[in-house]
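Peer 1:
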Amino acid sequence: MPWFTPFFRPNLIQQKALERLGLDSVEKLLRYFPARYNEPGSQKNVANLIVGEEVTIYGRVLSSKTSKGFKSKMPMGEAVIEDETGKIKAIWFHQAYMAKKVVEGQLAAFRGKIAERNGVLYLTNPEVIEKSSLSNINGKETLFYGESEDNYLVPIYPETKGISSGWFYYHIKKLISLGEHEEIADPLPAEILKKYNLPSFATALVWIHSPKNMADATAARKRFAFEEVFFLQLARLRDKKIYQSNPSYSFKVSKLEVDKFVKRFPFKPTAGQSKAIEQILSDFHKDQPMVRLLEGDVGSGKTMVAAVTALAAVQSGLEVAYLAPTEILARQHFESFIKYFEHLGVQVGLITGKECRKFPSKISPHETTHISKPTLLKWVAGGEIPIVVGTHALIQKQVKFKDLAYVIIDEQHRFGVMQRAKLVRKQSGSKPLPHLLSMTATPIPRTLALTVYGDLDLTLLEEMPAGRLPVITEIITPDKREESYERVRAELKKGRQVYVICPRIAEPDPDKEQALLLKSTKAEAERLQKKVFPEYTVDVMHSKLNQGDKEETMKQFTESKIDILVSTSVVEVGVNVPNATVILIEGAERFGLAQLHQLRGRVIRSNHQAYCFIFSETKSTKSLARLKALVTAKNGFELAEIDLAQRGAGKLGGEKQWGLSDLGMEAIKNLKMVAAARLEAETIINKDADLSQHPQFTKYLANRKQEIHFE
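Under our numbering, read the sequence shown as residues 427 to 1137, first letter to last.
(1) If you draw a straight line from the alpha carbon of residue 635 to that of residue 627, how long is it in whole angstroms?
(2) Report the three-state DSSP secondary structure of residue 1124 (helix, strand or coil).
(3) Could you compute how far the alpha carbon of residue 704 sits from the alpha carbon of residue 806?
(4) Classify residue 435 as helix, strand or coil using the three-state DSSP reduction.
(5) Within its chain, find whatever has a CB closer than 7 Å to the CB of residue 443; leave out the 5 residues flanking it on each side and keep chain order.
(6) In this structure, how does DSSP classify residue 1040 when only helix, strand and coil are distinguished?
(7) Alpha carbons only, please: which of 661, 659, 707, 1037 is nearest the one belonging to residue 681?
(8) Per the DSSP calculation, residue 476 is bridged to which residue(s)?
(9) My guess is that residue 1039 and residue 902 are in contact by the Cβ rule of under 8 Å, so how many angstroms apart are they, rounded?
(10) Alpha carbons only, please: which of 607, 616, 639 is nearest the one belonging to residue 629?
(11) Can you tell me whether residue 1027 is helix, strand or coil according to DSSP?
(12) Using the C-alpha atoms, what's the distance from residue 714 back to residue 676?
(13) Comparing the CB of residue 1107 with every heavy atom of the ligand SAH, is any distance shorter than 7 Å?
(14) Name the residue from 993, 985, 738, 958 whose alpha carbon lies nearest to the alpha carbon of residue 965.
(15) Buried or exposed, going by whether 16 or more other CB atoms sit within 10 Å of the CB of residue 496?
(16) With a 10 Å radius around its C-beta and 16 neighbouring C-beta atoms as the bar for buried, classify residue 640 as buried or exposed.
(17) Whose C-beta lies closer than 8 Å to the C-beta of residue 907 among residues of the same chain, with five residues either side of it excluded?
(18) Between the stretch 879 to 896 and the stretch 722 to 734, do at least 3 Cβ pairs fall closer than 8 Å?
(19) So residue 832 is in the alpha helix (DSSP H); what residue range does that whole segment cover?
(20) Does the stretch 866 to 884 touch the stretch 1054 to 1071, meaning 3 or more C-beta pairs lie closer than 8 Å?
(21) Nearest CA to the CA of residue 744: which residue from 830, 624, 876, 1098?
(22) Can you check DSSP and say which residues form a bridge with residue 469?
(23) From residue 381 to residue 1013, what does the alpha carbon distance come to, in whole angstroms?
(24) Taking Cβ positions, are residue 479 and residue 517 nearer each other than 8 Å?
(25) Measure how close the beta-carbons of residue 650 and residue 1103 come, nearest whole angstrom, since I'm counting them as under 8 Å.
(26) Does DSSP classify residue 902 as helix, strand or coil?
(27) Can you give, in chain order, each stretch of the alpha helix (DSSP H) that sits fully within the stretch 579 to 651 and has at least 4 residues?
(28) So, do the stretch 772 to 781 and the stretch 744 to 759 have three or more beta carbon pairs nearer to each other than 8 Å?
(29) CB residue 534 to CB residue 492, shorter than 8 Å?
(30) In the DSSP output, what is residue 785 paired with across the bridge?
(31) Using 10 angstroms around the beta-carbon of residue 1071, count the other beta-carbons present and answer buried if the total reaches 16, otherwise exposed.
(32) Identify, in the order they occur along the chain, each residue of the same chain with its Cβ nearer than 6 Å to the Cβ of residue 1124, setting aside the five sequence neighbours on each side.
(33) Tell me where the beta strand (DSSP E) around residue 536 begins and ends.
(34) Residue 414 and residue 891: beta carbons closer than 8 Å?
(35) Please give me, in chain order, every unbroken run of the beta strand (DSSP E) with length at least 3 that falls completely inside the stretch 788 to 831.
(36) If you draw a straight line from the alpha carbon of residue 477 to that of residue 542, how long is it in whole angstroms?
See the structure below:
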C-alpha cells in the first residue's frame, strides 16, 4: 500500500484490516468518521473505581510492555499506572504499539472503561493525555486535576478485526497534526459553504475527529452529510439527464383497449393503480426513455400496473423484459403474465439459470413447454416472444432482443447497478433505449426516496385493493404462547396454511449463551410437528437448501400439501400463497421493522382475514416500543417513518442497500438538508448536464466508493 507515510507503518494485520475497509489513501482514512463520542469520563482515584464506568485516572506510569493473549495470541500493550491511592493495569487490545507510547515515569491522564478479570480491575484501551507537571491538591502532591483540555469529547470509531477505535484515533490525530488534511482540496464550492454556513473541509475534519464540544462535532457532521447527499444527487441527476438525452420508443395504446384489458382482472383497480397506469402510458408517448420507480406496499397491486402498461408495448409490436430476483418469483410472474395475455394469443417466455419455458406450447395452446436455451434465445432475438420473464439469466450477454421497448425490474434494490444497466442496454447500434419501470415493495421514508432515487420519477401506491382486510397483528408474550397456538389451530381447521419464521437455520453453539435464546428452523419444525401440531404437515425452508429443494418445498406449500412452513426470512419477498393466512415470527426483536412488515406481507394475498403473531421475549422497553409500531402503523410508509425516527437511518440498510454511509443516512432525517442539497445539484445540472464545466465534481464522483444508479 504505497500511500503510507514515514510515521504511518501499520503491521500486516492492520494492513489487511484497512484493505477490508477500503481505506487505501490518506484522504479515505481522514474520511473514516467516528460513529459516536464519549463524554469525558468522571475523574476517579484508583481506590474508588467501579466495573463498567468510563473514567479519567491521573497517574504515573510505573512500567509498560507488549504482550499477547494467552489463547487468542492477540497483540496487546500493557502498562501499570499509579496514583496516590493505588495501582491499576491498563491494557490496549490490538494496540501493542501503545506500550512504546507510554514510558516509565510518564505523567498522564488515562481515559477509558473499567473492566474486570478474575476479580481484578483493569482499564481497557484508554486514551492517553500526557502531563508535564504536578500540583498540590488537598495537601497532597498529585497531578493536575480538571484541566480544560481534558474535557473534550472522545471519538469512538467503528472497529474491525485487527484495528481498534483507539488505533484510528491516534493515527488520524497524527495525520491532522502534520497538516495532511490541509493538502486536500475542498470538494464543495466556496459559494455553497457560504450560503449554508458550512465549515470548510479542513476545519470540519478537525471538528469531527477532535471536537472540543458537541456543537463543533454536530456542525462537522452536518457539513459532511450535506456533501454526501449533494454529490449523490449530482451523480443521480447527471446520469438521468444523460440517459434521457437518448431517443426511446414512442408508442400508444387506445383507452378502449386498456379498459377491456383491465376489466378482465378479478378486482377493480385502486385510484393509485389507475393514476400509475396513466402516468406510465403518458411517459410512453414521449421520445425520451422513462425512468420511474413504482413504490407500493406489499399487496398493493404493482404487478397489475406492470401488466397493463406492458400491453401498450406488446400491441405496438415491441418487446417487454421482466426481471425478477429469484427463480420462484420469476416463475410466479411468468404464470401471472400467461393469465393476463392468454386471451390475446401473446407468447410469453421464461429464462432462469435452471430452465427455459415458453407459452403456449405447440402441443397444447393452454400449457407451457420446456424448450432449449438456444431455441428460446433465437425466438427472443427474432421478436417472436414479446414478453420475456427472467432472473439474472436475462442479463447474460447472449440474450438479445429485436426491439426491447420496456424493462420492468421487480424488487429493484436486489439487483446491482451494473446488472440493471446491462438489461436496459441490451440493444446495440442506434436502436432507441427502452423505458424503465423499477418496482419495490419496501416502503422507505420520503427523504430517503428523494435522496437515493433522485434519478427516478416516483409513483406511490398507497391503497390496498378493495376487499383486502388489514392483517391483525399482535405481540405475543411468553404466557400467551399456548393460547395463540389454539388460534392458529382454528385457522388450520378451516383449511388455511401457516408460516413460522425463525432467525436461525440450525441450533447454535451451546457455548454461546445469547444465541440459545434464538429459535432455529430445524429445531422449531421438529418441536411443532411432535408437540404442538402433530396432526398437520410441517416442513422446513431456508437459504442453505439447494435451489431445487427450495422450489419443490414452495411448490408443495403452494399446492397445500404442507400445512405449516417453518422458514428463515428467505420467504420475505414476493412469494404468493393466497391460502396462507397466518404468520408467526419468532425472535421478532432480531428483525428490522421494514423486514417484519415484508414478512407480514406474505399473508396479505387474499380477501381472507390474516393474522401476524409477533413472538418476543425481550424485556427492553425500547425494543417493545418498536414492535408495537408494527401493530399501530396504518401502512408500510408510516412504518418506515417510525423506523427512521426510532432506530436511526443507519439501521435501514445503510451503505450496503442504499449507497449511503451511516452519516449520510442520518442526514435524511433532515428534509430541509435533503431539499437544499437537491436544489443545488439541480441548479448545476440544469446549466451543465454532463459536468464538463465542473471538472472538480467529475473527479470527485469518479473516486466515490459507492456505485450510482445507471438511470
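Glycine is no exception: its CB is placed at the ideal position from the N, C-alpha and C atoms. What you are looking at is a predicted structure, and each value in this text was computed from that prediction instead of being measured.
Peer 2: Answer, in terms of the structure:
(1) 12 Å
(2) helix
(3) 28 Å
(4) coil
(5) 586, 587, 588, 589
(6) strand
(7) 707
(8) For residue 476, which the question treats as bridged, DSSP gives no partner whatsoever.
(9) 5 Å
(10) 607
(11) helix
(12) 8 Å
(13) Judged by which ligands are present, the structure shown has none, so any question about the ligand SAH falls away.
(14) 993
(15) exposed
(16) exposed
(17) 1041
(18) yes
(19) No alpha helix (DSSP H) holds residue 832; the beta strand (DSSP E) holding it covers 830 to 836.
(20) yes
(21) 830
(22) 482
(23) With the chain covering only 427 through 1137, there is no way to say anything about residue 381.
(24) no
(25) Residue 650 to residue 1103, Cβ: 12 Å. No contact.
(26) strand
(27) 591 to 603, 616 to 621, 627 to 635
(28) yes
(29) no
(30) 774
(31) exposed
(32) 1117
(33) 533 to 543
(34) Shown here, the chain extends from 427 to 1137; a query on residue 414 therefore has no answer.
(35) 813 to 816
(36) 6 Å
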